[in-house]
Amino acid sequence: MNAASPQDLCNVPQAGPQTEWELRLYVAGQSARSVTAFANLKKLCEAHLAGRYRIEVIDLLENPQLSRGDQIVAIPTLVRILPMPIRKIIGDLSNTERTLVGLQLRPAVPMDARPCDE
Amino acid sequence: MSRRPKAAPPLPPRLEKCPTGIRGLDVITGGGLPRGRPTLVCGGAGSGKTLIGMEFLVRGIQQHDEHGVFMSFEERATDLAENVASLGYDLNTLIADKKLVIDQVTIDRGEIMETGEYDLDGLFIRLSAAIDEVGARRVVLDTIETLFAALTSTHIIRSELRRLFGWLKEKGVTAIVTGERGDGTLTRHGLEEYVSDCVIALDQRVIDQIATRRLRVVKYRGSAHGTNEYPFLIDEQGITVLPITAIDLNYPASRDVVSTGIAKLDGMFAGKGYFRGGSLLVSGTAGTGKSSISAHFADAACRRGEQCIYFAFEESPDQIVRNMRSIGIDLENWAEKDLLHFAAFRPSTFGLEVHLSTMLKRIDELKPQAVIVDPVSSFMAAGTDLDASSMLMRMIDLLKTRQITALLTSLTSAGHPVEQSEVGISSLTDTWVVLRNLEQAGERTRALSIVKSRGMKHSNQARELVLSNQGVDLVEVFIGPDGSILTGSARVAQEAADRAAAVAQTSDIARKQATMLRRRKAVEARIAEMQADLAAEAEEVDVTIEMQAQAASGRSSARIAQAQEREQAGDPQTGHHDGDRR
C-alpha cells in the first residue's frame, strides 16, 4: 500500500505537504470491526493523504508477538508511526472527525465543541 | 456431628488447590489458591500486591516447575527485576531459561484516542502468546485496573474484563489479579465483581508510627479458610504470612528438667528446675534482677553444652557481658565457644512481625535449646498491647513446638499490681517467677517468689534475692512480728536480735543455776547446822542419862554399903526405912 506521490493538500496544519505518512493498523483476523476499521482508514487516507501514505496491516492472530512492540491492547488499533510522535487511535475509526484529530490532520478544537463538518 | 475427622472426609472431588509457596499463606488458605481460577489480591499502594504475585510465580517455578507469566500494567519489567532481586529472585535467568515471561503493558493516555467500537483482543492475544511461549500454568495481572485510567469506554473494559476472566478459567491457568483498594470497596473499579472465587485483601496500617502489613482472605468459594487478619511481612526471603495462632496445640511436653542455674532456685521447684521446652516468665520492676536470672539461665544452658540465643532489646551484648561479669558470670566465654549467641535490636526498629520473623529466622539457623528474650515488655513499645500479646503468643507457640526452653523477662511498671500480667502472656507461660522490690527502713531489697509452675510443685515462700560477685543467691526471709517479710538489713538485724536473745537466755539460766547452787549450799549448810544442833542435844541427853545412871548407881552402892553396914550392926528394919526415903 505504498502510494507516495506528492499532492497538493490543504487543511493540513501540522504535516507539511512533503510528509511521508506511515500508518500501521493492528487487527485480529477478519473480524467485522477490523474490516470496518480498515475501510474507514483507507477512505480517510485517500481523502486527506492521497499518495503520501502507507498502511501496514498487522494481524495479531498470525503474529501475536508483534503486539508487544507497539503496546497493543485494544483491537483495532491504528498507530501513526510517521510523522513523529507516535499516535494511537483505537476503535473502528467510524468517527472520521475524531480520527482526523487523532492523527493530527485537524487541530483539536477547543472544548471539542466544533460540530462535524465532513 | 461432633466428630471431626482429621483426614480428608470422603467428599466428592474437592477444589484443587495451587500452592503459592508463600510461607504461611498456604496454611491459612488450606493449601493454596484455587487451581485454574483467578484470585483477586487487592490492597492499597505499597501493600505488597505486586510482590505476592511475583513470589507466587517464582515459587511456582522453583518448587512446582510451573512456569509463569507476569503481565505488568504499572511497573517496567526492568524495574520489577531489580525490585525483586533484593529478595533473591533472579528474574532475568528465569526469563532466559524460558520459565517466565514478563510482559509490560503501557497505555499512555496522552498518545491514545478512542473512536468507535473496539475490544481488548490485543491483550488477550498478548497474554495468550506469553502463556504459550513458556507453557505457563500461572499468570499474574498487575494491576489490570490501570485500563480504567487509560481508556474511557468503561463499558467496554467491563465487558472485556468479564470475558478475560472467563477466558483465563478456560485456559486453566491459576491467576492472580491485583487491584487497588477503593474507597469503601475492595477495589476501585469493582474487580471483585468479576473474580468471585477467591479474594485476598492486603492492608498496611500504621499504628503509633509503626507499620504492620496484614492479609485477610475475604472469600474463598468452595473452601474453608482462615478468616482472620494475619500479619505478614516482607523481608529478604520474600513474604511470610504469620498465622496468629498455631493451627493446633499438639506440641510434645518434655519430662526433662533443666537447671535454672541458681541452685537455691532449683530447690524451690520440686523437679529441681524448669521443664525442658517450657516457657518461663520472670517479671519484676526495674532493677529486680531479671537480667541476672537470665544470665544464670544462659550460663547453665551453655554449661550443659547447649546452644542458647540471648535476644536483648534493652542492652547491647557488650553491656550485658560487662554487667554479668560483675556478678561473676562470664558470658563472653560462652559466646567465644559459640554456644551463646547474642542478638540485640532496638524494639522500635521494626514492627512486631518483623521482630518475630527475625527472631524466628535466627532460631531456625542456630537451632538452640534455650532462648532468652530480655525483655518482652519492650515489644509494647513497638505495637499495641493486643498486637504485642498476640505476637508473643505466637512466639511462645513457636518456641514450644521446637522444644526450646524459653526464658522471657518482663518489666513491670512500678505501682502496677504484680498479678496483672504485663503483656497478658503470663497465662501462656508455664512458670512465672515474680521479682519484687521491697522498700523498708530506707532500704531497697529484692524478693523472689514463684507464682506458678505448671506440672510441678514449687515453694510458696518468698526468698530474698541477693546479688553478689558470686551471682544470685536466695536467702530465706524472716517474717516480722507483724507478718511482713523482713529482708536486707532488717533481716540481718532480726538475725542479730535473735542471736542476742539466745545469748540472754543462756546467761539467765546460768544465773539461775548459780543462785540455785547458792541456795542449795545455804540449805545444806543449815541442814548441817541443825543436824549439829541435834547431835549436840542428843549428846547432852546421853550425858545426862549417863550422869543420872552414875548417880543412881552411886547411891545404890552407898546403900548397899549402908545395908551391909546395918547387917553388920544387926538392925533388920533399916531396909524399910531406906525404901521410904526414896
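If you read the protein sequences in the order shown, they are chains A and B. My numbering puts the first residue of the first sequence at 13, with every later residue one more than the last. My numbering puts the first residue of the second sequence at 2, with every later residue one more than the last. Built from N, CA and C at the ideal position, the CB exists for glycine as well.
Under DSSP, B:Gly288 shares a beta bridge with no residue. Between A:Arg36 and A:Val91, the C-beta gap is smaller than 7 Å, which places the two residues in contact.
Per the coordinates, the alpha-carbon of B:Ala131 lies some 22 Å from the alpha-carbon of A:Ile102.
At a C-beta separation below 7 Å, A:Gln77 has these neighbours in chain B: Ala130. Chain B places a beta carbon closer than 7 Å to that of A:Lys100, counting this residue as a contact. Under DSSP, B:Ala212 forms a beta bridge with B:Val207. Listed in chain order, the non-local C-beta contacts of B:Gln495 below 6 Å within the same chain comprise Phe479 and Leu487, local neighbours out to five positions each way being set aside. The beta carbon of B:Arg326 sits closer than 8 Å to the beta carbons of Leu332 and Glu333 from its chain, once the five residues preceding and following it are set aside; these are given in chain order. C-alpha of B:Val259 to C-alpha of B:Ala296: approximately 15 Å in a straight line. Within 10 angstroms of the beta-carbon of A:Lys55 lie fewer than 16 other beta-carbons, which makes it exposed.
Here the alpha carbon of B:Leu34 sits roughly 17 Å from the alpha carbon of B:Gly180. For A:Tyr65, no chain B residue has a Cβ inside 9 Å of its Cβ, as the nearest lies near 18 Å away.
Taking a beta-carbon distance threshold of 7 Å, A:Gln42 does not count as an interface residue toward chain B. Residues of the stretch 81-106 of chain A with a Cβ closer than 8 Å to any Cβ of chain B, in chain order: Gln83, Ile84, Val85, Ala86, Ile87, Pro88, Thr89, Pro97, Ile98, Arg99, Lys100, Ile101, Ile102, Gly103, Asp104, Leu105 and Ser106. Assigned with DSSP and collapsed to three states, B:Ala564 falls in helix. Pairing B:Ile294 with B:His342 gives a Cβ-Cβ distance that is not under 7 Å. Here DSSP, grouped into helix, strand and coil, assigns B:Pro232 to strand. The straight-line gap separating the alpha-carbon atoms of B:Ile23 and B:Ile126 is approximately 30 Å. By the neighbour-count definition (other C-beta atoms within 10 Å, threshold 16), B:Asp66 is an exposed residue.
Membership of B:Gly69 in the beta strand (DSSP E) is indicated by the continuous run Gly69 to Ser73.
From the beta-carbon of B:Asp104, the residues of chain A found nearer than 8 Å are Arg80. When only Cα atoms are considered, B:Thr188 and B:Leu41 end up about 9 Å apart. Here B:Thr40 is bridged, per DSSP, to B:Ile177 and B:Cys199. Between A:Val39 and A:Asp71, the CB-CB gap stays under 7 Å. Annotated as distal: B:Thr144 and B:Glu76, with beta-carbon spacing of 7 Å or more. Per DSSP, B:Ser317 is not a residue of any alpha helix (DSSP H), being assigned neither H nor E.
Contacts between A:Arg110 and chain B, judged by CB atoms closer than 9 Å, involve Met114, Glu115, Thr116 and Gly117 in chain order. With respect to chain B, the C-beta atom of A:Leu61 has no partner C-beta closer than 7 Å. In the structure shown, the three-state DSSP call for A:Leu105 is coil. Rounded to whole angstroms, the gap between the alpha carbons of B:Leu340 and B:Gly89 is 30 Å. Not one beta carbon of chain A lies nearer than 7 Å to the beta carbon of B:Asp80.
For B:Thr432, the three-state secondary structure derived from DSSP is strand. Think of a sphere of 9 Å around the beta carbon of B:Leu121: the chain A residues whose beta carbon falls inside it are Val85, Ala86 and Ile87, in chain order. Annotation: B:Cys19 to B:Gly32 spans about 7 Å, alpha carbon to alpha carbon.
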